[in-house]
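J.: This is the structure, below, for whatever I ask next.
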Amino acid sequence: MTRPPPRQQASRNPPTQKQVAERAGVSQTIVSQVLNGQTDQARIHPETRARVLQAIRDLGYVPNAAARRLVGGRSSLVGVFTYEAVFPSSTRDFYAPFLEGIEEEAARSGLDLLLYTGGRGGRRLPRDLGARLSLTDGTLLLGRPSDQDRRELAALVHSGHPAVFIGRRTVPGADLTCVQADYASATAKLTRRFLARGHRELLYVGPPGPDESALDRERGFAQALDLARVERLEPGHLDHAWLRGALEGGITAFLLENDALMRRLLEVAREAGYTVPADFSAAVLGDAISGEAGDPTWSGLHVPRREMGRGAVQALRLLVAGEPAASTVFPCEIVVGATIGRGPAEAR
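Using this note's numbering, the first residue of the sequence shown is number 1270, and each one after it goes up by one.
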């Protein structure tokens, strides 16, 4: 019985490409061509390729991504950097579908992912990122960058390193490719749905410090109304007195910028004895996820986050190939839940 050759015993030095070539009985050039996927161009026989791959497995050889870039090949590594912690703490985590879409498209494209963990003292592009970038073909970015972060982003774009941001981000002095959701059109459409149900006094509620996606929502709200009323506050400031004042002021419907505000509004309403949508209507300008037990199904949007993750990888592949990649806008769908009821002006 023929036994397979034993794996090389663990040693202080990792196996080299030369050792792979010796075990496979080929030149280092052929090993390099196999590693870089150049077997068709180099007319390498399938049996030779299989022998090289078997030698790689036997020795536990790991290709050096940086070295492959130096010889004109690609590392097939895509970097992922986030300005916020993104590992999901629940199935409702906002960033999880983006990461799932990235992973799916990367796997389909034969790419691996490298997660940058940021620098010390916060989630910032690390000062030594240049060394890490040399390992990757390009980088995907997510989250909310500060003004300082945007200056660093501009430098990244000017360096020629392929980069794509998931979400619309304005970077002064740089043409950053973005993959974004069409929040403006979706918010305008959802606002018109309130109007069609007879609501005329609507209030847009969002947190302080709006980013580009929040401003897009606000713009869509204003497009659908003659008078757009906007208030920005932290969820903790949305209390019984605030809600009572809004309702006594004539507001019959609320558009909440995110799920935290929507959840807080329904919580306060429940504690104060109000019923949605009998006493007022509401919708979230993001994914209509489930609230607390007993809450009505939320009305809101479906943001194609998984598709956006896939699209970001596709755009990055174009940039890596030296082709132009324009920013892409993905439409959002309206989710008709049970939190939009009849308004005062609806025909009876």
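Positions of the beta carbon are idealized from the N, C-alpha and C atoms, including for glycine.
1. I'd like the span of the beta strand (DSSP E) that includes TYR1385, first residue to last.
2. Three or more C-beta pairs under 8 Å: does that hold for the segment 1502 to 1517 against the segment 1470 to 1480?
3. Touching or not, the segment 1319 to 1327 and the segment 1532 to 1547, by the rule of three or more beta carbon pairs under 8 Å?
4. If you check the beta carbons only, do GLY1580 and GLU1369 fall under 8 Å apart?
5. Which residues in the same chain have their Cβ closer than 8 Å to the Cβ of LEU1322, if we skip the five residues on either side of it in sequence?
6. Alpha carbon to alpha carbon, how far is VAL1347 from VAL1604?
7. Would you call ALA1595 buried or exposed, if buried means 16 or more other Cβ atoms sit within 10 Å of its Cβ?
8. Assign ARG1533 to one of three DSSP states: helix, strand, or coil.
9. Could you give the distance in angstroms between the alpha-carbon of LEU1402 and the alpha-carbon of ASP1485?
10. Is it true that the segment 1435 to 1455 meets the segment 1583 to 1601, where meeting means three or more beta-carbon pairs spaced less than 8 Å apart?
11. In chain order, what are the residue ranges of uninterrupted beta strand (DSSP E) at least 3 long that sit wholly in the segment 1494 to 1550?
12. Just to confirm the assignment, what range does the beta strand (DSSP E) spanning VAL1349 have?
13. Do you know offhand how far VAL1545's Cα is from PRO1613's?
14. For the beta strand (DSSP E) containing GLU1602, name the first residue and the last one.
15. Compare the C-alpha of PRO1441 against each of ALA1432, ALA1423, THR1456 and GLN1288 and name the closest.
16. Just to check my reading of the structure: GLY1569 and ASP1556 have Cβ atoms closer than 8 Å, yes? What is that Cβ distance to the nearest angstrom?
17. Does the distance from the CB of LEU1516 to the CB of PHE1490 come in under 8 Å?
18. Just how far apart, CA to CA, sit ALA1376 and LEU1464?
19. With H, G and I counted as helix, E and B as strand and the rest as coil, what does DSSP make of ILE1609?
20. Where ILE1371 and THR1608 are concerned, what is the direct C-alpha to C-alpha distance, given to the nearest angstrom?
T.: Once the coordinates are examined:
1. Reading the sequence shown from its first residue, position 116 is the one you call residue 1385. Unbroken beta strand (DSSP E) run through TYR1385: 1381 to 1385.
2. Contact between the segment 1502 to 1517 and the segment 1470 to 1480 is present: 3 or more CB-CB pairs across the two stretches fall below 8 Å.
3. As far as the Cβ criterion goes, the segment 1319 to 1327 does not touch the segment 1532 to 1547, which means the pair count is below three.
4. The count along the sequence shown starts at 1 and reaches residue 1580 at position 311. The count along the sequence shown starts at 1 and reaches residue 1369 at position 100. Going by C-beta atoms, GLY1580 is not nearer than 8 Å to GLU1369.
5. Your numbering for residue 1322 matches position 53 in the sequence shown. Only residues of its own chain outside the window of five on either side were considered, and among them VAL1303 have a CB closer than 8 Å to the CB of LEU1322, listed in chain order.
6. One-based indexing of the sequence shown puts residue 1347 at position 78. One-based indexing of the sequence shown puts residue 1604 at position 335. Distance between the alpha carbons of VAL1347 and VAL1604 is about 34 Å.
7. Counting from 1 along the sequence shown, the entry for residue 1595 is found at position 326. ALA1595 is exposed by the Cβ-count criterion.
8. As a position in the sequence shown, residue 1533 is number 264, starting the count at 1. Under the three-state reduction of DSSP output, ARG1533 falls in the helix class.
9. If you number the sequence shown from 1, residue 1402 lands on position 133. If you number the sequence shown from 1, residue 1485 lands on position 216. Between LEU1402 and ASP1485, the C-alpha separation is close to 32 Å.
10. Short answer: they touch.
11. Taking only runs of at least 3 residues, the beta strand (DSSP E) segments lying wholly in the segment 1494 to 1550 are 1498 to 1501 and 1522 to 1525.
12. As a working note, residue 1349 is residue 80 in the sequence shown. Where VAL1349 is concerned, the enclosing beta strand (DSSP E) starts and stops at 1346 to 1351.
13. Numbered from its first residue, the sequence shown carries residue 1545 at position 276. Numbered from its first residue, the sequence shown carries residue 1613 at position 344. Straight-line spacing of the CA atoms in VAL1545 and PRO1613 works out to 15 Å.
14. Sequence index remark: in the sequence shown, residue 1602 carries index 333 (1-based). It spans 1602 to 1604 - the beta strand (DSSP E) in which GLU1602 sits, taken as one unbroken run.
15. Here residue 1441 is taken as the residue at index 172 of the sequence shown, counted from 1. With distances taken between CA atoms, PRO1441 lies nearest to ALA1423 out of ALA1432, ALA1423, THR1456 and GLN1288.
16. As a working note, residue 1569 is residue 300 in the sequence shown. As a working note, residue 1556 is residue 287 in the sequence shown. Indeed, because the Cβ distance is near 7 Å, the residues count as touching under 8 Å.
17. Working through the sequence shown from its first residue, we reach residue 1516 at position 247. Working through the sequence shown from its first residue, we reach residue 1490 at position 221. No.
18. One-based indexing of the sequence shown puts residue 1376 at position 107. One-based indexing of the sequence shown puts residue 1464 at position 195. Approximately 45 Å between the Cα atoms of the pair.
19. Reading the sequence shown from its first residue, position 340 is the one you call residue 1609. Annotated three-state conformation of ILE1609 is coil, per DSSP.
20. Within the sequence shown, numbered from 1, the residue matching residue 1371 stands at position 102. Within the sequence shown, numbered from 1, the residue matching residue 1608 stands at position 339. For ILE1371 and THR1608, the gap between their C-alpha atoms comes out near 33 Å.
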